[in-house]
Every structure is written in C-alpha cells, then in structure tokens.
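> Mind looking over this structure? Questions follow.
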Amino acid sequence: MSNQELWRLSAEELSTQTRNGDISPTEAVTSVLARMDQVNPALNAVVEDLRDEALARAEVLDSTPKALRGPLHGVPVTIKINIDQTGHPTSNGIPALKDLIAPDDAPVVQNLERAGAVVIGRSNTPEFSFRADTDNPLYGRTHNPWGRHISPGGSSGGGGAAVMAGIGPLAHGNDIGGSLRFPAAANGAVTVKPGFGRVPAWNPSQKAERGLLAQLMSVQGLMTRSARDLHLSMPAMIAPDIRDPFHAPVPWRGAAPDGPVKVAFTRNTHGYDLHPEVDAALLAARDALMDAGYIVEEIEPPNVFEAGRTGYRALMGEIHALMKPDLDAMGSEIIRTMFDTYFQEFPPFHGDELLKMYAKRSHYARQWAMFMADYPLVLTPFLPHPFFAPDRDREGVAGAHDVLGCAVYSYAMNYMGLPAACVPARLAQLPKGPQPINVQIVAPRWREDMAVDAAIAIEDRIGQMAAPLWGHMQSMTT
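Under the working numbering, the first residue of the sequence shown carries the number 1301, and numbering increases by one thereafter.
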C-alpha cells in the first residue's frame, strides 16, 4: 500500500506498522490529512482542522524510541467539539460558546495522547449535543458518507461520518442516550457504549457540575471501522484520572468464561413495526454468533420499554429543571422547539416523582443484573427500522416518536449503566441506495470486552462496512 493510502488501514494495522518503524507517524498523519482534504468539504464532519498541531506532534513521535511507543503510536483520531482540548473552544455547537476556550485537556484527550494518538481535528455535534441528527447554527450540517438521504446520526455525527469516510481510524464521541450508537448505526461504524464509571470524564471549562442523571448516563467512547480496534484503543481510554471521582480502575479484560457464552436474543420492538431489513440483520447476527460458538436463545429480557421510557422521562425532568434556562438563553429557535417536542414525547418527571425515578434506576439495573447472571449477553435491535432521513427529528411529535420514541434499547442502557456494543450486521438494498443496519449487544457491568468480542464474531462472519465514497465496496453479506 502506498503512503497516500495509509488512511485505509485500521488502527490496529496502523499502530503495528508505526510501532515497528515500518512507517512513521508523520506518514500516517499526512495520509489521513490528505484524505480529510479530499472528502471533508462534502461531509462537514471535521469542523476544526488541527493539522499544524497534528504534524508537529507526529514529528515528535517519529523520534520516540521503540521501547516508549504507546499502543496508539501515531494513530490519527478526531475529538468531538463538546470535549475540552487545551486552547480550543468547547462550543457544543452553540454560537454563544464559540469563544469558550478550554484551559486544559479532558481526561479522554490526555489518555489518548498518552497512548500515542494524534488529534487531527474536532468533529461536529448538534446544539447542546442533544439530537439524533447533526446540524447546528455555528458549523452547519454534517452529511452521511452513504448519501445525503440518510442522517449522519447524532450527537456524535461528525465523528461517525469522519471515521467511515477514512478521516482517521478512531473517532471520539460520547453517549447520554445513544450518541455513540446512533451515528455508528447511521454510518455503519462499530462502537461500544461503556458503562457508568468506565471512562474518566470531566471538562475543565465547565462552570458547574452536571445533573445527577447526566453524570450517571453520559459516557465517553470511540467509533471505529473495525471491531478489533476497540480492544486496541479502549484500554487507553479507561486509564485513571483523579479528576473523575467516580471512575473505577477496572481492567479492560475480565475473566474468561468457563464455557460457551449464553446470549439472550430478542426481536421485540415494543409496538413499533419491525422492518424486514432489521429483522434480517438480527437473524444474521444471531447466526454469526452461533457459528462462533455462542449459545443463542430467543428469550425476552426484563422490560426494556419500561426501563427506557422511565429513564428518559427522568432525564427530561432533570433537563427541564437544570438546563432549560440555558436552552432558552443560548439555544436557537430550532433546538428550543425540539425540546418542547421532547417534553411532549417524554413527559418530564418533576419534584418527588423525579426523586422516585432516580431511586427506581437501581430496580431496573438489578432486574437486568439477575437476568444476565444466566445470559451474560443480550442481542437486541438498536432501532426497529433503517436509519432515518436528515431532520426527521424536527418533524413534530411524530418525528420525535419515530426517531427517539422507538429507541428504548438505546437509552435504557444509559439509564441502567450497562455497556452496549453497536455493530453492522447487514447492508440493506433500499430504494434510495445501500444502507447499513446495526444491531446491539448488551453486556454486564464492567464487561465491555465481552460485547466487543461478540461484535468481532459478527464482523468476522458478515464483513466490515465501507461507504460508496471509498470508491469500492468491501465484502458485505446482503
């Protein structure tokens, strides 16, 4: 492969070559920057170009002795614009915050750089990072590399579009209700939403602490093209940072199972129509896991619809109490209208009722923990239908219902603090063109590694995604 095409490599392939000295970090970064120049103007995925800093850092890494090279030596990564990076604005897509310059790096930035990664740019997000689509009045709309008829997802839509377009093999994102998994599903990427306490998190620029549910439900992670890249990169992300007092320094790899892992499999979409292509993706994922030696049983887990709706209504109650003044003061008319719609779709809990729903979180988590003692993994739909069109979430209550109302398998896992991987299992041939379909794999607390192992098993048998703008399609079962 020529140096010009190094951007095609996975993080695992790239880091092997940079650590061995076969290629230099500068060569790797230069290739990805050239790719960014080629495709980003049409995508608007990366909204702050950090090439000067990236090339200066790569040049330093070029001369790092082999013994001191980290696991991500010279690997390019993008960082979402709602996370602090020294000297850069943490705008969160809000014009009023365009000059909020970070005084220090967030833990995720420090940990990635300590492992040798090179930040090449900052990726787009919707206003307040609170949409399943990515558009804002500061930087504009991000487009999906599969075509403009598909939303890039949100809120980490810039990172999802970037990684699947070849702008780095790793893209940082975060997830309070699906913001890693929505863009993964939209763009055909792979991710694992970590559980609560897994990845240290804090923004040095913040003026006040976040609400309790925002602390419990929001997590930091990565999107990749290759499931194996999560095993390479996530251990760097979980390195301890004293600024997060609730981070638990648990090793990435847990104990190996005594025998074949049992997987509970559900196709229940809780009243929403299950699209045939999503059903086919679920069956393909099930068959792939069985072929890999997993024991898969179609059985219903504890009530995810009740847990998810309760959790999101509680989150809306917290937002209404703590965040609405900022929404009213700094938000565009679009985002204010959307939150009015969210409050209709998910009627907020208030007062004593909200406190009771905080308490009920442990009830749902306990139910799932007991179920997962017998079934350590749960294979579920992510969405009941193929990913939606841009701005579908702006189409009133019906749009919010179609985008977020049906996504109970997403935000239920945030509410309960459970890890969940999202991996493509089918390339659907739809009237407007090919479109990836992702499924979700839920794992027990602290066992993100098991979810990633299962994602690898699916990927090994079904194939990886590559959007049409790559110039060719990689093997993918249809």
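The beta-carbon is built from N, C-alpha and C at its ideal position, and this holds for glycine as well.
So the candidates are Ile-1741, Gly-1321, Met-1336, Asn-1320; which of them puts its Cα closest to the Cα of Glu-1305?
Met-1336
> What does the Cβ neighbour count give for Asn-1320, buried or exposed, with the cut at 16 atoms within 10 Å?
Residue environment analysis places Asn-1320 among the exposed positions, since fewer than 16 neighbouring C-beta atoms fall within 10 angstroms of its C-beta.
> Distance, Cα to Cα, Tyr-1439 vs Leu-1627?
18 Å
> Compute the Euclidean distance between the alpha carbons of Gly-1421 and Glu-1348, then round it to the nearest angstrom.
5 Å
> Could you tell me the boundaries of the beta strand (DSSP E) in which His-1472 lies?
That run of the beta strand (DSSP E) goes 1470-1475.
> If I measure Cβ to Cβ from Gly-1733 and keep anything under 8 Å in the same chain, skipping five residues before and after, which residues do I get?
Trp-1446, Gly-1447, His-1449, Pro-1768
> Under 8 Å, with one C-beta from each stretch per pair, do the stretch 1672-1682 and the stretch 1557-1575 reach the 3-pair mark?
yes
> Sorted by chain position, which residues of the same chain lie with C-beta nearer than 8 Å to His-1772's C-beta, five sequence neighbours on each side aside?
Reliability fails at His-1772, whose pLDDT of 36 lies under 50, so the model's placement of it is uncertain and the value that follows must be treated cautiously. The answer, listed in chain order, is Ala-1766.
> Using only CA atoms, which one of Gly-1477, Thr-1524, Asn-1503, Phe-1496 lies nearest to Asn-1487?
Taking Asn-1487 as reference, the option from Gly-1477, Thr-1524, Asn-1503, Phe-1496 with the minimal CA-CA separation is Thr-1524.
> Assuming Tyr-1715 and Gly-1617 are in contact, meaning their beta carbons sit under 8 Å apart, how far apart are those beta carbons, in whole angstroms?
In fact, because the Cβ distance is near 13 Å, the residues do not count as touching under 8 Å.
> What does the alpha-carbon distance come out to for the pair Gln-1764 and Ile-1599?
28 Å
> In the DSSP assignment, the beta strand (DSSP E) including Arg-1288 goes from what residue to what residue?
Nothing about residue 1288 can be reported from this structure: the residues present for the chain run from 1301 to 1778 only.
> With H, G and I counted as helix, E and B as strand and the rest as coil, what does DSSP make of Met-1764?
Residue 1764 is actually Gln in this sequence, not Met. Gln-1764 falls in the coil class under three-state DSSP.
> Given Ser-1315, which residues of its chain have a CB within under 8 Å of its CB, disregarding the five upstream and five downstream residues?
Pro-1371, Leu-1372, His-1373, Gly-1374, Val-1375, Gly-1416, Leu-1532
> Please work out which residues of its chain come closer than 8 Å, Cβ to Cβ, to Tyr-1594, disregarding the five sequence neighbours upstream and downstream, and give them in chain order.
Pro-1560, Val-1561, Lys-1562, Val-1563, Leu-1677, Ala-1754, Ala-1757
> Can you tell me whether Glu-1653 is buried or exposed, with buried defined as 16 or more other CB within 10 angstroms of its CB?
exposed
> Thinking C-beta only, is Gly-1473 closer than 7 Å to Ser-1456?
yes
> Out of Ile-1379, Met-1750, Met-1672, Val-1419, which one is the CA nearest neighbour of Thr-1425?
Ile-1379
> Using 8 Å as the threshold, is the stretch 1393-1403 in touch with the stretch 1488-1501, meaning 3 or more CB pairs across them?
no
> Is it true that the stretch 1548-1560 meets the stretch 1658-1673, where meeting means three or more beta-carbon pairs spaced less than 8 Å apart?
no
> How far does the beta strand (DSSP E) with Asn-1411 in it reach, from first residue to last?
Note, Asn-1411: premise wrong, no beta strand (DSSP E); alpha helix (DSSP H) at 1407-1414.
> Quick one: which unbroken beta strand (DSSP E) runs of 3-plus residues sit fully inside the stretch 1458-1532? Chain order, please.
1470-1475, 1490-1493, 1519-1524
> Do you know how far the Cα of Pro-1602 is from the Cα of Phe-1671?
7 Å
> Please report the Cβ distance between Ala-1432 and Asp-1693, rounded to the nearest whole angstrom; I am assuming they are in contact, meaning their Cβ atoms lie under 8 Å.
6 Å
> What do you get for Gln-1317, buried or exposed, if any count of 16 or more other CB atoms within 10 angstroms of its CB means buried?
buried
> Terminal residues of the continuous beta strand (DSSP E) containing Lys-1853?
With the chain covering 1301 to 1778 only, the question about residue 1853 has no answer from this structure.
> Say yes only if the C-beta of Leu-1683 is nearer than 6 Å to one or more non-hydrogen atoms of the ligand NAD, and no if none qualify.
With respect to the ligand NAD, the structure shown offers nothing to examine, as it has no ligands at all.
> Name the DSSP beta bridge partners of Leu-1730, please?
Partner(s): Gly-1733.
> Compute the Euclidean distance between the alpha carbons of Gly-1651 and Ala-1621, then round it to the nearest angstrom.
In this structure, the CA atom of Gly-1651 is about 9 Å from the CA atom of Ala-1621.
> Grab the span of the alpha helix (DSSP H) containing Thr-1641 for me, first residue to last.
Per DSSP, Thr-1641 belongs to the alpha helix (DSSP H) from 1633-1645.
> Taking the alpha-carbon positions, what's the Ile-1538 to Ser-1518 distance?
15 Å
> Do you know how far the Cα of Gly-1497 is from the Cα of Gln-1515?
9 Å
> What first and last residue would you give for the alpha helix (DSSP H) that runs through Glu-1598?
Note, Glu-1598: premise wrong, no alpha helix (DSSP H); beta strand (DSSP E) at 1595-1598.
> Quick check: what's the CA-CA separation for Met-1590 versus Pro-1504?
46 Å
> Taking Thr-1610 as part of the beta strand (DSSP E), name the residues at either end of that continuous run.
Note, Thr-1610: premise wrong, no beta strand (DSSP E); alpha helix (DSSP H) at 1604-1622.
> Residues in its own chain within less than 8 Å of Val-1408 by CB, not counting five upstream and five downstream?
Ile-1379, Ile-1383, His-1472, Val-1499, Pro-1500, Ala-1501, Gln-1520, Met-1537
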